[in-house]
Each structure stands twice: as C-alpha cells, then as structure tokens.
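Novice:
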Amino acid sequence: MVTYEVNVMGSGFSYALAIAKKDLITQMRKRFEAFSMFLFAIIAVFVLGLVLFSSTFIIADSPTRIQVMTEIGSGMLWVVVFFTGMFGFSPVFISESETGTLKGLSLAPIPGWSVYLGKVIYGFLLMGLVEIFLVPIAMGLLGFAFAPEISPLYILVTFVLGTLDLAAVGAMASALTMPAESKATVYPIVYFPTATTALILLVEITRMLAIGLPIIGPGIIELLILLLGHVFAMVMLSAAVFQFTLTS
Amino acid sequence: MVSIHVDGLTRRYGYRVALKNVSFEIPVGGVHALFGNNGAGKTTLLRIISTLLQPHAGKVEVFGFDIEEEPIEVRKRIGVVGDKPLLYGELTGRENLKFYSDLYDLETSTANAIIEDLAERFDVKRWLDEPTKILSTGLRKRFDIIRSLLHNPELLLLDEPFSGLDKDSTEVFRNYIEDKREDRTAIVTTHNLALGSEICDDFITLRKGEIVGQGPISEFDGNI
Numbered sequence: 004m005v006t007y008e009v010n011v012m013g014s015g016f017s018y019a020l021a022i023a024k025k026d027l028i029t030q031m032r033k034r035f036e037a038f039s040m041f042l043f044a045i046i047a048v049f050v051l052g053l054v055l056f057s058s059t060f061i062i063a064d065s066p067t068r069i070q071v072m073t074e075i076g077s078g079m080l081w082v083v084v085f086f087t088g089m090f091g092f093s094p095v096f097i098s099e100s101e102t103g104t105l106k107g108l109s110l111a112p113i114p115g116w117s118v119y120l121g122k123v124i125y126g127f128l129l130m131g132l133v134e135i136f137l138v139p140i141a142m143g144l145l146g147f148a149f150a151p152e153i154s155p156l157y158i159l160v161t162f163v164l165g166t167l168d169l170a171a172v173g174a175m176a177s178a179l180t181m182p183a184e185s186k187a188t189v190y191p192i193v194y195f196p197t198a199t200t201a202l203i204l205l206v207e208i209t210r211m212l213a214i215g216l217p218i219i220g221p222g223i224i225e226l227l228i229l230l231l232g233h234v235f236a237m238v239m240l241s242a243a244v245f246q247f248t249l250t251s
Numbered sequence: 181m182v183s184i185h186v187d188g189l190t191r192r193y194g195y196r197v198a199l200k201n202v203s204f205e206i207p208v209g210g211v212h213a214l215f216g217n218n219g220a221g222k223t224t225l226l227r228i229i230s231t232l233l234q235p236h237a238g239k240v241e242v243f244g245f246d247i248e249e250e251p252i253e254v255r256k257r258i259g260v261v262g263d264k265p266l267l268y269g270e271l272t273g274r275e276n277l278k279f280y281s282d283l284y285d286l287e288t289s290t291a292n293a294i295i296e297d298l299a300e301r302f303d304v305k306r307w308l309d310e311p312t313k314i315l316s317t318g319l320r321k322r323f324d325i326i327r328s329l330l331h332n333p334e335l336l337l338l339d340e341p342f343s344g345l346d347k348d349s350t351e352v353f354r355n356y357i358e359d360k361r362e363d364r365t366a367i368v369t370t371h372n373l374a375l376g377s378e379i380c381d382d383f384i385t386l387r388k389g390e391i392v393g394q395g396p397i398s399e400f401d402g403n404i
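Protein sequences, first through last, are from chains V and H.
Position 36 of the first sequence, counted from 1, bears residue number 39 in the working numbering, the numbering being contiguous throughout.
Position 125 of the second sequence, counted from 1, bears residue number 305 in the working numbering, the numbering being contiguous throughout.
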C-alpha cells in the first residue's frame, strides 16, 4: 500500500492548461465538433465566394472589382469565423454539464477562473486549428489578399486577438446557457450581442489590412488596442463572475 | 475534534424547503450514516458540505473552514462519490485519473504510484488503458471511487456509493473505508439500511429537510 502526503498548491494557470489539454484530447478522439466546424466554414466560404464572384462579375473595371471583392471578402471571412465559433464554443460547458463531469471540476480545489480560462484556451486552440486551414481557402474563394506592405505581424496579432475574443465570449455564453432548458435558443441570444462588438472591430481591421491603409496615424493600431481592451474586459469580467455559474 | 459543523442550515429550491434549520456536528474519524427517504434532503446536504451549493441561511464548516469563505480549503480535504461517475468517456481510466491528479496538483511520480496502488486495490488494473465509455457501470463506479481517493481526502462524502457496485466491489470499498476509519471521516447516504447499519458508527435521519433522529447506530430502529 502506497503512503503519501498531498499538497494542493498549484497555480491557477497550470490547472487551466490541464483542462485545455483534456478537452483537446477528448475533441481529437470525438472529432465531431472540429469536423462540423470545418465543414460549415468551408461550405459557407464556398457559397459566399460564389455569390461574391457572380455579383461582382458585372463590374467591368478590374481594379474596382478587386477592391470590392477585397472589402466584402475580408468582412465575410470574419462572419464565417463568427458563426463557425458557435459550433466550437457552445458545447464547452454545456457538454460537461450534460455528462455531469462539470461537478468534478467544481469539486477540485482550484479557482473558478482557471476552469473558465482552460475552456477559453481550448476554444482558442480549436478555432485556431480551423482557421489555419480556413483562412487560405477563404482568401482564395472570397478573392482577397492582405496588402503586401502590411507586416505579417499585424495579421497574426489580429487573428490571435480576434480568435481569443470570440473564444472568451463563446465560453462565457456557454457557461451562462448551462441552466437553460432551451440551450439552442439561449446560446445565440447571449453570444451574438456580446461578440458583435469584436466582430465589427475585426471586420474593419481586416479590411484595412487587405486594402493596405498606412499603419501610422489613426487606424489599425488604434483598432487593435480597442480589440485588446475588449479581449481583456471579456476575459477578466467573465473570469471574475464565473465562480457563480458553477455554484448557482 | 470536529470534522463537520453545521449550524442552522436552511436551503430552498424556489418555494420548496429542502433543508430547514439543520444543526449537527460530526467528529473526526469513523463512518457516519445519513438516512432518509427520497427528497428528505440528504443529497442537498452533501452538496452544500462539498461546496457545490450555497446555503440560504446558517453556517457550515469543514475542519474549521467555512464552506462559503474558504471553499478551496474545504475541497482539498474532501472526496465525493455520487450516483453518477465524474469520468470523461473518451479518455481512458488512467487518463481520467491523471487529469484529476493534475487538478489536485499531485506530482507525476506520486500520481502514478497512487493510481497503480488504487487500481490494484479496486481490481481495475486490466481496464486502466481502456476508454471509460466502453466499461460497465460497475467498473466506471470503481474508477470514480478511485478518483475521489486520489488526494487521500480527510473526509469522504458518499452519496449512495454502493449502487451499481457488485458484491466484490462493495466488499473492497467497504474494506477500504474500514481501514481508514481511525483517522478519516466518511459520511454515507444509502437506502441499504442493513449495510449502513453494519459499517456506520452513528446516524442522522432526515425527513422533509429536518433532522428527526440521530445517535449511535445501535439506537437506529430502521425507521426513516
């Protein structure tokens, strides 16, 4: 028989990583959510690309047509990511609640915010995985490209912040939806209004990145700071109140 | 020494009162029965002690820690087994136990030794690397019991722990409780009054959210 002493004193962030790792392993074995997210995204991009191509076909002037496709396409990309996120983020707490395993997380001697953060990290990685494949395909089908003079760092920061924001909002919406009987109805009601602020910012930033507005002066940097503020506010507020959703 | 101190505890679900002004103390060590019919308030009481529910009135302390003020200190010291195993079906038994070990911040080598030891004791070693979704109800229950014991809790809260267990598993778990009864405390709710009477030192009977009987198990008359 093993004898042992247990010291429970880890950091909240290490617990969050353990939860995210567990969710990723579970997801890779189920494959259902990642697959349905990717399938939805590809179909949506394909259909939107087809509509965009045929509706701009009448524009004879080629530079004008490219600019129209770039402006509309860069917006459509985030609309697709926004709705794809619904598939990925909505089950993060709802499935734990339905299988009863949320009780296991609630009983663990860890702060509530680390459970929330773990789910945000998981949502971010899952969505990021989908975006790695989705963005190049979307750029091809929606007919836009990032301006060559724009540093890839701005593009990376935009996608990282955007995905993190949607994951933060999506995870909290999923947590708030847990007690509801009509989860499928309640989830979008919570997710849409909260995530729309980020969506508007992301569409505008990506449009600027695609048409190549100068980095200096009011523009991309200011919007990225605004987006960073939104991410920070969403994560901190949600983490602060998350404990109440576990014990209510 | 007191493991659980409950004073004037009240909990409602809407207008229905689940627990009404409940007060009692449980000493450190031993096995204590919580009897009562369905809806008597047993599970609500265990959920409050385990910090899963907040009381509407009254005070609950576990080893001197207030469940509302210091829930993490309480959770470090308790192990909970409920009617439903808290396992992830896609993960193997070992992965499930490793995951929970991480949440209890056990070192990898310590966690591995504990998992091997408990798996041996509960006779699940053969199934350690199988996804728990393919296991029988009884095996999943055994893994869930191991999960609750990983951090060597000072207080075990067992809500119908023997339901779903076969005779051998019941015996193994019962022996485990017997071995630990000197320095560990267990609270058991069960509808199996005979088994409860055999393993417990004393009892509390709840009826409609109120304590209607308590004392040494020898004084339990089988009336709930």
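The beta carbon of each residue, even a glycine, is placed where N, CA and C say it ideally should be.
Computed from a predicted model, the values in this text were never measured in an experiment.
From which residue to which residue does the alpha helix (DSSP H) around ASN276/H run?
Specialist: Here residue 276/H is taken as the residue at index 96 of the second sequence, counted from 1. Where ASN276/H is concerned, the enclosing alpha helix (DSSP H) stretches over 273 to 283.
Novice: Figure out for me which residue from MET142/V, MET31/V, ARG32/V has the closest Cα to the Cα of LEU51/V.
Specialist: Translated into positions along the first sequence, residue 51/V becomes position 48. That would be MET142/V, whose Cα lies nearest to the Cα of LEU51/V.
Novice: What residues in its chain sit with their C-beta under 7 Å from that of ASP168/V, if we drop five residues either side in the sequence?
Specialist: On the first sequence, residue 168/V is found 165 positions in, with the first residue counted as 1. For ASP168/V, where only same-chain residues beyond five positions count, the Cβ hits under 7 Å are ALA201, LEU230, HIS233, VAL234, MET237.
Novice: Please compile the residues from chain H whose C-beta is within a distance smaller than 8 Å of the C-beta of LEU110/V.
Specialist: The count along the first sequence starts at 1 and reaches residue 110/V at position 107. Simply SER230, THR231, LEU232, ARG255, ILE258, VAL260, LEU266.
Novice: At least one CB of chain V closer than 8 Å to the CB of PHE279/H: is that the case?
Specialist: Working through the second sequence from its first residue, we reach residue 279/H at position 99. Yes, its Cβ sits closer than 8 Å to a Cβ of chain V.
Novice: To the nearest angstrom, report how far apart SER154/V and TYR194/V are at their CA atoms.
Specialist: Against the first sequence, residue 154/V aligns to sequence position 151. Against the first sequence, residue 194/V aligns to sequence position 191. The straight-line gap from Cα to Cα measures roughly 32 Å.
Novice: Determine the burial state of LEU53/V: buried for a count of at least 16 other Cβ atoms within 10 Å of its Cβ, exposed for fewer.
Specialist: For the purposes of this step, residue 53/V is taken as residue 50 along the first sequence, with counting starting at 1. Looking at its Cβ environment, which holds fewer than 16 other Cβ atoms inside 10 Å, LEU53/V is exposed.
Novice: Please classify PRO251/H as buried or exposed, where buried requires at least 16 neighbouring CB atoms within 10 angstroms.
Specialist: Taking the second sequence and counting its residues from 1, the one referred to as residue 251/H is at position 71. PRO251/H comes out buried.
Novice: Relative to the C-alpha of SER117/V, which residue among THR248/V, GLY76/V, ALA19/V is closest?
Specialist: Translated into the one-based positions of the first sequence, residue 117/V becomes position 114. Comparing Cα positions, the closest option is ALA19/V.
Novice: How far does the alpha helix (DSSP H) with GLN70/V in it extend, from its first residue to its last?
Specialist: Taking the first residue of the first sequence as 1, we reach residue 70/V at position 67. Element bounds for GLN70/V: 65 to 92.
Novice: According to DSSP, is GLU399/H helix, strand or coil?
Specialist: Taking the second sequence and counting its residues from 1, the one referred to as residue 399/H is at position 219. Note: GLU399/H maps to helix in three-state DSSP.
Novice: Decide if GLU358/H is buried, meaning its Cβ has at least 16 other Cβ atoms within 10 Å, or exposed.
Specialist: One-based indexing of the second sequence puts residue 358/H at position 178. GLU358/H should be labelled exposed.
Novice: Is the CB-CB distance between PHE243/H and SER183/H below 8 Å?
Specialist: Locating residue 243/H in the second sequence gives position 63, counting from the first residue. Locating residue 183/H in the second sequence gives position 3, counting from the first residue. Closer than 8 Å, so yes.
Novice: Decide if GLU241/H is buried, meaning its Cβ has at least 16 other Cβ atoms within 10 Å, or exposed.
Specialist: Locating residue 241/H in the second sequence gives position 61, counting from the first residue. When all chains shown are included, GLU241/H counts as buried.
Novice: Looking at C-alpha atoms only, which residue of GLU275/H, THR224/H, LEU335/H is the closest neighbour of GLU310/H?
Specialist: For the purposes of this step, residue 310/H is taken as residue 130 along the second sequence, with counting starting at 1. For the residues GLU275/H, THR224/H, LEU335/H, the minimum Cα distance to GLU310/H belongs to GLU275/H.
Novice: Measure the alpha-carbon distance for MET175/V versus GLU351/H and round it to whole angstroms.
Specialist: The sequence position of residue 175/V within the first sequence is 172, counting from 1. The sequence position of residue 351/H within the second sequence is 171, counting from 1. Each residue's alpha carbon lies about 43 Å from the other.
Novice: According to a CB-to-CB cut-off of less than 7 Å, which residues of the segment 82 to 113 of chain V neighbour chain H?
Specialist: GLY103, THR104, LYS106, GLY107, SER109, LEU110, ALA111, PRO112, ILE113
Novice: Can you tell me which residues form a DSSP beta bridge with PHE245/H?
Specialist: On the second sequence, position 65 is the one that residue 245/H refers to. DSSP lists VAL242/H as partners of PHE245/H.
Novice: Taking Cβ positions, are LEU128/V and ALA242/V nearer each other than 8 Å?
Specialist: By one-based count along the first sequence, residue 128/V stands at place 125. By one-based count along the first sequence, residue 242/V stands at place 239. No, the Cβ-Cβ distance between LEU128/V and ALA242/V is not below 8 Å.
Novice: Helix, strand or coil: how does DSSP classify GLY210/H here?
Specialist: Walking along the second sequence from the start, residue 210/H turns up at place 30. GLY210/H falls in the strand class under three-state DSSP.
Novice: For THR6/V, which three-state DSSP category applies?
Specialist: By one-based count along the first sequence, residue 6/V stands at place 3. Note that THR6/V has pLDDT 45, beneath the 50 cutoff, so the model's placement of it is unreliable and the number below is only indicative. Correct three-state label for THR6/V: coil.
Novice: How would you list, in chain order, the residues of chain V whose beta-carbon sits under 9 Å from the beta-carbon of ASP246/H?
Specialist: Mapped onto the second sequence, residue 246/H falls at position 66. What ASP246/H touches in chain V: nothing, since even the nearest Cβ is about 14 Å away.
Novice: For the alpha helix (DSSP H) holding ASP187/H, just list the boundary residues, first then last.
Specialist: If you number the second sequence from 1, residue 187/H lands on position 7. Taken as a continuous stretch (DSSP letters only), ASP187/H belongs to no alpha helix (DSSP H), being part of the beta strand (DSSP E) at 182 to 193.
Novice: If I measure Cβ to Cβ from ALA291/H and keep anything under 6 Å in the same chain, skipping five residues before and after, which residues do I get?
Specialist: Counting from 1 along the second sequence, the entry for residue 291/H is found at position 111. SER281.
Novice: List the whole-angstrom C-beta distance separating PHE302/H from ARG322/H, where the pair is believed to meet the contact cut-off of C-beta under 8 Å.
Specialist: Mapped onto the second sequence, residue 302/H falls at position 122. Mapped onto the second sequence, residue 322/H falls at position 142. The C-beta separation of PHE302/H from ARG322/H comes to about 5 Å, placing the pair in contact by the 8 Å criterion.
Novice: Name, please, each residue of chain H whose Cβ falls closer than 7 Å to the Cβ of ARG32/V.
Specialist: Counting from one through the first sequence, the residue named residue 32/V turns up at place 29. Simply GLU270.
Novice: Starting from the beta carbon of TYR125/V, find every residue of chain H whose beta carbon is closer than 8 Å, and list them in chain order.
Specialist: Your numbering for residue 125/V matches position 122 in the first sequence. In chain order: nothing, as chain H lies at least about 13 Å away.
Novice: Flag this pair as touching only if the segment 339 to 348 of chain H and the segment 259 to 273 of chain H have three or more C-beta atom pairs under 8 Å; answer yes or no.
Specialist: Contact annotation: the segment 339 to 348 of chain H touches the segment 259 to 273 of chain H, with at least three C-beta pairs closer than 8 Å.
Novice: Hey, would you say ILE384/H sits closer than 8 Å to ARG354/H, going by beta carbons?
Specialist: Here residue 384/H refers to the residue found at position 204 of the second sequence. Here residue 354/H refers to the residue found at position 174 of the second sequence. Against a cut-off of 8 Å, the Cβ pair of ARG354/H and ILE384/H comes out as no contact.
Novice: Leaving out five residues before and five after VAL392/H in sequence, what residues of the same chain have Cβ atoms less than 8 Å from its Cβ?
Specialist: In the second sequence, the residue the question calls residue 392/H occupies position 212. Counting only Cβ-Cβ distances below 8 Å, and skipping sequence neighbours, we find THR385, LEU386.
Novice: Should ILE314/H be flagged as near chain V, meaning a C-beta pair shorter than 8 Å?
Specialist: What you label residue 314/H is simply residue 134 of the second sequence in a count that begins at 1. By this cut-off, ILE314/H is not an interface position.
Novice: So, do the segment 207 to 216 of chain H and the segment 67 to 86 of chain V have three or more beta carbon pairs nearer to each other than 8 Å?
Specialist: Contact fails: fewer than three Cβ-Cβ distances are below 8 Å.
Novice: Going by DSSP, which residues form a beta bridge with PRO155/V?
Specialist: Position 152 of the first sequence holds residue 155/V. For PRO155/V, which the question treats as bridged, DSSP gives no partner whatsoever.
Novice: Taking only three categories from DSSP, how would you classify ILE62/V?
Specialist: On the first sequence, position 59 is the one that residue 62/V refers to. Reduced to three states, the DSSP call for ILE62/V is coil.
Novice: What three-state label does DSSP hand VAL304/H in the structure shown?
Specialist: Within the second sequence, residue 304/H is the residue found at index 124, counting from 1. In the structure shown, VAL304/H sits in coil (DSSP, three-state: anything other than H, G, I, E or B).
Novice: Against chain V, with Cβ distances strictly below 8 Å, would TYR284/H count as a contact?
Specialist: Sequence index remark: in the second sequence, residue 284/H carries index 104 (1-based). Chain V, which has a Cβ nearer than 8 Å to the Cβ of TYR284/H, makes this yes.
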